[in-house]
Structures are given as structure tokens and as C-alpha cells.
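Take a look at the structure set out below.
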Amino acid sequence: MDATQRDAGLLRAVGPWTLASSIICNTVGAGIFAVPGALAASVGPYAPWALLLCAFGVGAVAICFAEGGSRIASSGGSYGYMAAAFGPLAGCVGGTLAWFSNILACGGVAAALADVAVSLLPESLRAPAHTLVIVAVISGIAWINCGGVRHGMRLVNAATLLKLLPLAVFVIVGAAAVRGENFRQTVEISTSGLGRALILALFAFTGMETSLAASGEVAEPARTIPRALLRAMLVVTLLYVAIQLIAQGILGPALATSKVPLADAMARISPVLRLLMLAGAALSMFGLMSIELLGGPRILFAFARDGLLPAALGRVHARS
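Position 168 (the sequence shown) corresponds to 169 in this note's numbering; numbering is contiguous.
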């Protein structure tokens, strides 16, 4: 089935800034609150260069997505691109893997978010509260998404803003606490360390594919998708490099051994800012789930419209 038929009845209500926001939301996950320490342990102060190198590599992938999205602006995102380029079997395999990874990501992040939420409760209440948090978060996001893509994307926009605020505070406040002597090389550079750094950096840049699963609801996709990808990649790259530089400039050699580097860096300025970074990690988890639970079902929707799943999963609500 072509994109026009598959997406019949959908509202093309997602603009370039909204789509860019969703890509940023899914890419800038809770990992950025821990990755700077692991990068510093691998290559020391050269970590920003690893981030820039991976930004160029992922940028090449983004160009491919931009080309595919502008030509095949269909629900399912990468599933539609693969099916059009390599046939329905390749599309089915790729789409299934994308959907399955979406499920695993949501399950893992929901559990981690619940761990954070119940950490302040008495031990006797943690087990039931843990389950309650997972059910409440997933049900709440699903309920909002049932109102249509406009409501779902508003939640994503709000989550993006909330998760970027602590990071903006880190960059602005932390810039004044950077010390030049903290950029001394104390880690021995090796090929294995460089390899670990590149893998970590690539992991930090992944996420754009889930947002593009809603391509069937993007307005003027030939213009919107490339612009959104470019904006999102620029914002994420600048943010990651700034965070890495500031974390290194504040913590110095201690960055390589820190498990919560952003929180540890802010603790040297104020205990309140440390708590803000820990809260930011929880907000990032919620934001990632908001876009994962919006994008993932669109893959199943595309499968159903193409006859790969029961037709009931491909029905469109008359209003939303």
C-alpha cells in the first residue's frame, strides 16, 4: 500500500519545530547525565572530539532519513523507507526490530523511572509503589495519545522543555566554574579506549528514527522532515559538546570515575543544583517515554494498513 492510502484520514498537524522537539526529546535521554563520565574514562579531555566525530557520522544517517522522509512521508518511518527501497520482507523485518526495540526501551526506562520515584519511600512501600508508578506513567501517556497527535506532541514539547531546563542550568552556571587546569590529559589513550568512546557517543546520538514513525502526520513533509532533522542534530551536538567540556572543566580527573557526573559537578557549586540534576535525569526518562509511546504504535498502525497485522489496528478515529 502506498503512503497516500496508508495514511488516509490522519491529521498532518506536526510542524518542523514540533518534530525537531520530538527528535531532541528522544535523543537527549537520561544517558547524557551519565555518559560524560564514561567518555572521560575512555579518552579523557579528548571526549568532545569523539562526540563531534560521531555527530558527523550520525549526521550522514540523518541525511538518509531526511531524503527518505521527504520522499516517503509515511507512518512507520524507517519501516516505510525500507519497504519501498528493498521490498516488503526487508521492511517487515526492519519494522519489527524497530517496534521490538521500542518496547524494550519503554520497559527498561519505565523501570528505571520507577526506581528513582520510589527511592525516597520506606522499604516496605517500594515494591507496590514501583508497580504503581510504571502503570500510572504508561497509562497516562497512552491516555493523552488517544486524543490524537496534537495532544501527544504537546506532551512531548512540554517534556522536552522540562528536560532541557536542568541541562541549560548546568551549562550556564557551570561555565563560570570551569578551570583550565582540569583539562590536563590523565588517561592513557588506546585503541580500545577510543573504540569505547565512539560506541558511547554513537549511543548518545541515537533516537531520531522513533520520531519519524509519525511521518504520516507531518505537515509538508518534504520540507518539514529535513529541516527538523537539521535543527535537532545541531542542538543536540552543541549541547553534548558543551556538557562534556563543562563537566571536564569542573571535575577534572574525577570525571572519569563519576557515575553521576552532572550531579557531582553541580554539587561543587550548590547541593540544590545537585538535586536539580538528579531530577533532570528522571524528567529525561519521562520525556523519552512520551515520544517512544507516541512513535512505536505508528509502526503497528502501518503494519495493519499494509495487511501484515489485523485491520483493526489500522483504524483511524473519526475526529482525533
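Glycine included, every Cβ here is placed at the ideal spot set by N, Cα and C. Everything numeric in this text was worked out from a predicted model, so none of it was measured.
In the three-state scheme derived from DSSP, where H, G and I count as helix and E and B as strand, Val-219 is classed as strand. Between Lys-164 and Gly-281, the gap from beta carbon to beta carbon is short of 8 Å. The shortest CA-to-CA distance from Val-236 to any of Leu-53, Ala-42, Gly-38 and Ala-9 is the one to Leu-53.
Taking C-beta atoms under 8 Å as the contact rule, Ala-56 and Thr-238 qualify, at a distance of about 4 Å. Of the residues assessed, Val-136 falls on the exposed side of the cut-off, its CB having fewer than 16 other CB atoms within 10 angstroms. In the DSSP annotation of this structure, Lys-260 is not part of any alpha helix (DSSP H), being labelled neither H nor E. Membership of Val-188 in any alpha helix (DSSP H) is not indicated, and neither H nor E is assigned to it by DSSP. In the three-state scheme derived from DSSP, where H, G and I count as helix and E and B as strand, Val-317 is classed as coil. A direct Cα-Cα distance of roughly 50 Å separates Glu-182 from Glu-218.
With at least 16 other beta carbons inside 10 angstroms of its own, Phe-304 counts as buried. In chain order, Ala-21, Ile-24 and Ile-25 place their CB closer than 6 Å to the CB of Ala-233, counting only its own chain and leaving out the 5 sequence neighbours on each side. When Gly-308, Arg-306 and Leu-294 are compared, the shortest CA-CA separation from Gly-149 is found for Leu-294.
About 6 Å separates the CB atoms of Gly-95 and Tyr-80; that is less than 8 Å, so the two are in contact.
Of all C-beta pairs linking the stretch 258 to 267 to the stretch 35 to 51, three or more are shorter than 8 Å, placing the two stretches in contact.
If you draw a straight line from the Cα of Gly-141 to the Cα of Val-242, it is about 34 Å long. For Tyr-47, there is no enclosing alpha helix (DSSP H), as DSSP gives it neither H nor E. CA-to-CA, the gap between Thr-192 and Ser-216 works out to about 39 Å. A residue is called buried once 16 or more other Cβ atoms fall within 10 Å of its Cβ, and Leu-90, having fewer, is exposed. Shown here for Ile-292: same chain residues with a beta carbon closer than 7 Å to its own, the five before and five after excluded, namely Ser-23, Cys-26, Asn-27, Val-157, Thr-211 and Ser-212 in chain order. The bridge partners DSSP lists for Val-15 are Val-219. Contact between Leu-230 and Phe-34 does not hold, since the beta-carbon distance rounds to 24 Å and is not under 8 Å.
Under the three-state reduction of DSSP output, Gly-175 falls in the helix class. Closest in alpha carbon position to Ala-268, among Leu-252, Ala-257 and Ala-283, is Leu-252. Comparing alpha-carbon positions, the option among Asn-103, Ile-145, Gly-69 and Phe-101 lying closest to Phe-87 turns out to be Gly-69.
Here Gly-30 has Ser-285 and Leu-289 as same chain residues with Cβ atoms under 6 Å from its own Cβ, once five neighbours each way along the sequence are excluded. Nearest to Pro-17 by C-alpha distance, out of Gly-78, Ala-130, Arg-72 and Ala-223, is Ala-223. Within the same chain, Ala-91, Gly-92 and Gly-95 come within 6 Å of Met-83 by CB-CB distance, once the 5 residues on both sides are set aside. Nearest to Ala-312 by C-alpha distance, out of Ser-321, Ala-319, Leu-301 and Arg-320, is Leu-301. Trp-100 counts as buried, since at least 16 other C-beta atoms from the protein chains shown sit within 10 angstroms of its C-beta.
Within 10 angstroms of the beta-carbon of Cys-107 lie 16 or more other beta-carbons, which makes it buried.
The residues Ile-247, in chain order, have a CB closer than 7 Å to that of Ala-176 in the same chain once the five nearest residues on each side in sequence are set aside. Taking C-beta atoms as the reference points, Arg-13 and Ala-220 count as a pair closer than 8 Å.
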